[in-house]
Amino acid sequence: MLINEDDKDKYNKLKDDFVKLNQSKQDLKDKLNNNQFNNLGEKDKENILNKLKEIKFDLNSDNSQKVNELLNEITELDNFKKNLIEKINQLQGVDETEKLKTVEEIKQAPTKELAQKLFDDLSLKSKKQTAKNEIQSLSSINNKKEQYLKNIEQAQNTEQIENIINEAKELDKQRKNKEFDKQNFSAISAHPEAKNQYNKEIEKANDSQAINEIVHKYKQWDNKFNEAIKTIDSLNNLSQTAKEQLKNKINQINLDSKQTQEVIIAIDRILNDAKKTDQQNAKNIEILKQNEKWLPDNYANEIKEKIKNQTTIKDSNALLNKAKKLWKARETISKLEFINNEKQQYLDQLIDIEKPELQIHNLVEEAKQKNLTKQGYYLGLDQFKSSFSNQFITNQKEKIKQISEANAKSIFDQINKLHRDLEKQKNDTKKSVKTEFNQKATSPKHKEFYLSLADKQKYSDNVLENSSDQECVQVLNDIVKLSKIETDLFIYSKNKNKYKLLLNDAEANQYMSKYSSLSQADKNHSSVELLNKIKPILLDVEKLHNDKKLIQDKYDTLQLVKSSLRQNAKNQVKNQTKQQAEQRFNELQTLNTEIDKALKQLEGSEFNKLSAANKTKFKERIKNVDQVAQIQPIIDEAKNEVALIGAKQNAKSKINKLNKIYNKAKFTKRVDDAKNVDQVTQILNEAQDLNKTKIDTVKSINKLQIANATKTNAIKSIEQNDDKTFVTNKFNELKDISDHKTKHINLINNFDLITKQKRDGKIDLIKKNDNKDFITKEFNSLKQLFDSKKSLENDINQAKTNNQISNSIKNKLINELKAKDSTVGVLQDFIRYKNNYAEHNKAINTLEQVKDLMKPFSFGNHIKELEQFIKNNSENNNDTATGFEQKNQNLHNPNNLNNYYNKFNQDSIRFLDEFKRNINSLSKSELAKKQNELQKHKEKLKEIDNKLKGTFNNSQRQLINDEFKKVEAKITEIENLIISKQNEINKLVNEYNTAKNALQVNIDKLRAYPIYQNDNKIIADKYQDILNRNVQSFNSAKLDNEAREWHAKMLTAKKALDMYNAPIDELVKYTNLRARNDSIKKIAFDKYEYLSKEITNTMKLHRANLHDDSEYMEANIKQLWNSFDTVKELIFIHEIINIIGKGKWTKVTSDKDHDLYIYKAYVSNGTHSNSTIVLDTPEYKSNHYPDMKFVFKGSINKEWNPYYHKFRGHIEFHSGEANNLVIRMDGEYTINWLPSKERFLENQHNGKDKETHQKRNDANLQLKYVLSGSKIAERVN
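Residue numbers are given in our numbering: position 846 of the sequence shown equals residue 1058, and the series is strictly consecutive.
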């Protein structure tokens, strides 16, 4: 085409415009394709592309401008939708799924109007849910919540929802105010119904005035009740119980419909009665105290307590009268002399003032009567003094005083009986003594001694405690006994012919000498001491006589000793000493015993073989012995004779019973000729040994493996020969043949691989032949066959050990080997089994393993089909080699394998789809659990695939297909879904933890603040409970919307505490920075506490139901910050006072003009317009407000003295902070006689300023009053 020069520029421009248009369109397409406008839907992009296609190149228009306009339109639409989507993400109370759905619908919306409509609908739903949450948080409108929630659901727009919320909040606030009044008034703490009555009246009240009147009335009552309780508690003579009764009377005053004064009068009436009763109780207690010695220990205190328990004078006096009767009765009984032991019993019955008066009287009379009776016993004891000591009588009298009447009578009767008994025995004793001495002529002095001693006897003082310990009775008995012995002994000295005692002359003279040696004074003294000296002498006489008489009588018992020996010994007893007599008797007694033993021994079975004549001969010899030593030799002779007779009889009897002795007569002849027992024993042992040897040899021959004919001949030759050497040699010859046979037969029996038939045949052949060479030859021929079979058996077992054949095949082959006497067929089968087994075994093991792994994933009968396939192709004991090969081919057929594996993979996908079904509804912990489960499933499925392919696929063949890839894809899909869901939950958890940690920080800070410490601890505890319960609920939430709801509540709790803490936090910082000392800090904190008390109390009150305070704090946060500002001013005022106080600034007069003197100040620049007052001292500098300024706003004029000036105007103090505080003193002030700088320096040099300052110190308090009073410190902004 030819273009002239004029058109060339035009053509180039068209060309550039066309290229530019295409490039712009391509750029726009690229932006769409690269998701630069990712808030647009597919339809938006389709419309844009259509519009882009409609833009054609136009020679007469700006083509690029059209593309730019379309781009601006796209950008605007994308930004519009982006804005809506961002707003959606900020909506509360809407499920994330629904948000995502709406976002997608907005993206696909074809118009802005439809997109806006979608957003508005979701926003309204969010607003409704948020509103519902707010309604649910209102704790005082539970009965109206359902209706409000219904109204919100029916609302058509946001305005309607706001109106519903405001109405509900207003109702909740009204109810809370009433509840606040209820909870914040303690009512009458002592009155149980006051709280309920107060609450009822408050509930009925319709306005604040009515509530205030109710509160005022109940406060008056409360004050009166508290005053009454305090008065009652102060009454010292009323017990706590009585006080409680009086308080209960007050509590029982009916408050319903009563006027204030009626209740107060009723209380005063109870109080007056209580005071009077308290006074009377004091008097009665004093009377009781004067007589408490007659009452039981501590009982007076108990009665005092009972008196204190009385709430009327009448009851108090009645109780004292009962006590009087009691102590009078106890006084009477306490003074009775003869009932000491029972006195306490009576007193123990008189320990209760409530005991009837008649019973008290009867007890006193009964005690008196007992006292009189016991007095009679007491006096009656004197009549028994002849039988008892004076001390005993005295002791018993005292005892009667201490014991009961019955016991006193018992003692008296005991003593009376003992007295009568002793008197009788004394008389009997004296009668016996007189009789003895009258019959035998002895010294009359001895008679008088015994008679006098008998009269003096008395019981010992402990006779009642130990009735057997009666020394006097023993003395009387001794007198009777000793008087008889004494008269007998002294008859010997007068006439020996009449002497009957068995004492020899020396013994008799010895005892008479002992008796005579007693001093004459002792003999004339009738005492127990003398009796006790006589007693052992006379008792020894009696004992010696009795002992010797006993020995003499015992000789008659020794009947086996010959009579001449017995009689001679008996006659010698009187002349012998006791020891000699005993010794001789013992000798003959021993002889008698030994003779008896010997005679009995001869009658025993041991000597039955002796003839009667021999026995009699031995017995007579034994009876005639004089000594024991003569007996045993006679017995020994008899024993020897018996032993030889027995030995011969026994030997011949035993020899005759030996049935293997061929010539018995030879042995019995030798026995008869024997001279002693040893010879007989030797002959018998020899015969028995030969007999036993023959028997044992025959038995051993019968056990030998030899022919029967050989056995018979050998046994016969042994039986006819009594030579022991011949018998032994014959046996050894036969045993050698037998051992050779047994050895080879045992070896043959161990050839278990040889058939039994063949073994038995060979053994039978060996047994019938006694030729050793023949036996060896037959054995060797069989062993050769066995060795061949054993080698094959070892090969089969080794194949099993190497896993080349199964155990069943091994057993089958070995059984075949044992059943045949040939190895050829077994060897062939062994080779075939071995070749097929390894491959088959691996396939079966793999299929068994994967079958168990497949079970959890399979459906229907697929596993049973696989199990049947495995079973059909598993090894069987009946398998032939051909059959086993077919099974191996079946196992490695790819059609069979993939048929089962394809079904399993389909089942696995179905299983995973089911596994995936509820993932979107799971919690975080459940998702983690689900993820772990999926990982385990994944590992198991991969294990199945690996096992199958590892067994059946190799470089030569690929039997298993790749169907498993579909399963892996499904697993990846589920993994991504779980991760996505976990990311959503993690984001929520992170946001929740951030809010939770921030709230915990606020709680800890609240506890640490040095202000409101007790109250703030209560609030901190409340928010700690809110946090803990929220965390518990959040952690246990099962659904997302539940967790998001608890997240929202955590945020509102944090918001509430943020607002409450913020002013306190700033206040603490401010006081640390600005307060001069801890005292000012405390003033500041106290002021803040006072100003914010109502808000703090409300925060505390909500603790009961862990109320969320965010809404309340939003409504009242401004008040807290105002309180903070007020406290800041207070701190600044105190700093001002500290700087200008202590006499530095002094108010001079108290009239309406505020005249001041200022310490160390002068005027700079005189009366010029820019003149100022200069405070010239570091004392006016504040370390806590370093930028503080003193501003004097007014006029400065000269005084009549040109060196001084006067100021009149306002005085301001500027804190100099960023948020500058300005405090202005109330009214205008006049400062006279302000010096110029020159005069000020002169005065300072002369010290005049100090003198003036000291004179003004007394006026300092006036300035303090002005600065800290109600009129000071108006704030200037």
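C-beta atoms are modelled at their ideal positions from N, C-alpha and C, and glycine is treated no differently.
{"Query": "Which stretch, first to last residue, makes up the beta strand (DSSP E) that contains Ala1373?", "Result": "1373 to 1376"}
{"Query": "Are at least three pairs of beta-carbons, each pair with one atom in the region 501 to 516 and one in the region 529 to 539, less than 8 Å apart?", "Result": "yes"}
{"Query": "Report the three-state DSSP secondary structure of Thr1464 (helix, strand or coil).", "Result": "With a pLDDT of only 48 at Thr1464, under 50, the local geometry of the prediction cannot be trusted, and no value is derived from it."}
{"Query": "List the DSSP bridge partners of Gly1421.", "Result": "Gly1406, Tyr1441"}
{"Query": "Buried or exposed: Tyr1477, going by 16 or more other Cβ atoms within 10 Å of its Cβ?", "Result": "Low local confidence applies: a pLDDT of 37 at Tyr1477 is under 50, so the model's placement there is unreliable, with the coordinate-based value given in what follows. Classification for Tyr1477: exposed."}
{"Query": "What residue from Trp1412, Phe596, Tyr1300, Thr1163 has the CA that sits closest to Glu635's CA?", "Result": "Phe596"}
{"Query": "What does DSSP give as the partner residue(s) for Trp1357 in the beta ladder?", "Result": "Ile1370"}
{"Query": "List the whole-angstrom C-beta distance separating Phe943 from Thr922, where the pair is believed to meet the contact cut-off of C-beta under 8 Å.", "Result": "Actually they are not in contact, since the Cβ atoms of Phe943 and Thr922 sit about 12 Å apart, beyond 8 Å."}
{"Query": "When the Cα atoms are used, what is the spatial distance from Gln277 to Asn251?", "Result": "24 Å"}
{"Query": "Tell me Ser1448's beta-bridge partners as DSSP assigns them.", "Result": "Val1375"}
{"Query": "Measuring straight from C-alpha to C-alpha, what distance separates Arg1256 and Asn1166?", "Result": "56 Å"}
{"Query": "Taking the C-alpha atoms as reference points, what is the distance between His1149 and Leu1189?", "Result": "16 Å"}
{"Query": "Just mark Tyr1204 as buried or exposed, buried being the case when its beta carbon has 16 or more other beta carbons within 10 Å.", "Result": "buried"}
{"Query": "Any idea what DSSP makes of Leu822, helix, strand or coil?", "Result": "coil"}
{"Query": "Spatial neighbours of Ala1140 within its chain, please: CB distance less than 7 Å, with the 5 preceding and 5 following residues excluded, ordered by chain position.", "Result": "none"}
{"Query": "Report the three-state DSSP secondary structure of His1396 (helix, strand or coil).", "Result": "coil"}
{"Query": "Distance, Cα to Cα, Lys980 vs Asp999?", "Result": "26 Å"}
{"Query": "Rounded to a whole number of angstroms, what is the C-alpha to C-alpha distance between Arg882 and Ile807?", "Result": "40 Å"}
{"Query": "Give the DSSP-derived three-state secondary structure of Thr524 in the structure shown.", "Result": "coil"}
{"Query": "Identify which residue in Lys356, Lys1312, Tyr1416, Thr828 has its Cα closest to the Cα of Ser1376.", "Result": "Tyr1416"}
{"Query": "Relative to the C-alpha of Met1529, which candidate in Ile465, Ile746, Ile364, Ile1423 has its C-alpha closest?", "Result": "This structure leaves residue 1529 out entirely; the chain is present only between 213 and 1489."}
{"Query": "Given Asn1027, which residues of its chain have a CB within under 8 Å of its CB, disregarding the five upstream and five downstream residues?", "Result": "none"}
{"Query": "Under a Cβ-count criterion, where at least 16 other Cβ atoms within 10 Å of its own Cβ denotes burial, should Ile215 be classed as buried or exposed?", "Result": "Unreliable positioning characterises Ile215 in this predicted model, as indicated by a pLDDT of 43, which lies under 50. A coordinate reading is not provided."}
{"Query": "To the nearest angstrom, how far is it from the Cα of Ala718 to the Cα of Asn619?", "Result": "59 Å"}
{"Query": "Quick one: is Glu371 buried, meaning 16 or more other Cβ sit within 10 Å of its Cβ, or exposed?", "Result": "exposed"}
{"Query": "I'd like to check one pair, Ile1156 with Lys1142: are the Cβ atoms closer than 8 Å?", "Result": "no"}
{"Query": "Measure how close the beta-carbons of Val1492 and Ser1120 come, nearest whole angstrom, since I'm counting them as under 8 Å.", "Result": "The chain is shown only over 213 to 1489; residue 1492 falls outside these bounds and no answer can be derived."}
{"Query": "Report yes if the C-beta distance between Lys520 and Ala454 is below 8 Å; otherwise report no.", "Result": "yes"}
{"Query": "Below 8 Å between beta carbons: does that hold for Asn1015 and Asn1053?", "Result": "yes"}
{"Query": "Classify Asn678 as helix, strand or coil using the three-state DSSP reduction.", "Result": "coil"}
{"Query": "Rank Asp274, Ile267, Leu283, Lys268 by C-alpha distance to the C-alpha of Asp242 and give the top, closest one.", "Result": "Leu283"}
{"Query": "One question on the structure: do Ala720 and Ile691 come within less than 8 Å of each other, judged by their Cβ atoms?", "Result": "no"}
{"Query": "Which term fits Glu648, buried or exposed, when burial requires 16 or more other beta carbons within 10 angstroms of its beta carbon?", "Result": "buried"}
{"Query": "I'd like the list of long-range same chain contacts for Leu1303, defined as Cβ closer than 7 Å, with 5 residues on each side in sequence excluded.", "Result": "Ser1335, Thr1338"}
{"Query": "If you count every other CB in all the chains shown that lies within 10 Å of the CB of Ala399, and 16 or more means buried, which is it?", "Result": "Note that Ala399 has pLDDT 49, beneath the 50 cutoff, so the model's placement of it is unreliable and the number below is only indicative. With 16 or more other Cβ atoms within 10 Å, it is buried."}
{"Query": "Since Arg1286 is in the alpha helix (DSSP H), which residue starts that stretch and which ends it?", "Result": "1252 to 1286"}
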